[in-house]
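Participant: In the numbering used here, each number is its position in the sequence shown, counted from 1, plus 40. Right, I'll just put the structure down here and ask away after.
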Amino acid sequence: MVNPPKLTPQTMKVLTALYNHPGSSGADVCKLSSLPSGTVYPILGRLESAGWLNSQWENIDPRAAGRPRRRFYFLSAGGAAEAKRGASEAASIYASFAS
Numbered sequence: 041m042v043n044p045p046k047l048t049p050q051t052m053k054v055l056t057a058l059y060n061h062p063g064s065s066g067a068d069v070c071k072l073s074s075l076p077s078g079t080v081y082p083i084l085g086r087l088e089s090a091g092w093l094n095s096q097w098e099n100i101d102p103r104a105a106g107r108p109r110r111r112f113y114f115l116s117a118g119g120a121a122e123a124k125r126g127a128s129e130a131a132s133i134y135a136s137f138a139s
């Protein structure tokens with residue numbers, strides 16, 4: 041069994057990007073999260089291995105399109121629940137500092 045991913049600030053940015061923009065490509069997640077690809081793609085791999093994400097390859101002919109296929113990422117039901125839980129925990133921690 042795969043250990044659940046740690047909800048680091050970077051992982052939360054990736055989860056938030058996919059929660060707000062389902063079906064984003066890896067490059068889109070980089071832009072949305074303001075994180076470099078060397079950070080985003082390993083996180084996407086860990087989240088997918090843990091079952092928090094599903095992905096699918098774009099259905100195009102790369103030669104005809106003149107570019108490589110993109111891979112689109114979607115939160116699973118469990119991944120969406122974990123994203124909400126993590127956001128709730130972060131808000132709770134922030135509130136304790138603000139008061």
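Quick reminder that beta carbons are idealized off the backbone N, C-alpha and C, glycines included. On a predicted model such as this, the values are computed, not experimentally measured, just so you know.
Do Gly-118 and Gly-85 have their beta-carbon atoms positioned less than 8 angstroms apart in this structure?
Facilitator: No, the Cβ-Cβ distance between Gly-85 and Gly-118 is not below 8 angstroms.
Participant: Is DSSP giving Arg-58 helix, strand or coil here?
Facilitator: The amino acid occupying residue 58 in the given sequence is Leu; Arg does not appear at that position. Helix, per DSSP.
Participant: Output the distance between the C-alpha atoms of Leu-55 and Arg-103, rounded to the nearest integer angstrom.
Facilitator: Approximately 32 angstroms between the Cα atoms of the pair.
Participant: If Ser-64 and Leu-72 are in contact, beta carbons under 8 angstroms, what's the gap, nearest whole angstrom?
Facilitator: The Cβ separation is near 7 angstroms, so the contact holds.
Participant: Identify the residues that DSSP records as bridge partners of Leu-93: which are they?
Facilitator: Answer is Leu-115, bridged to Leu-93.
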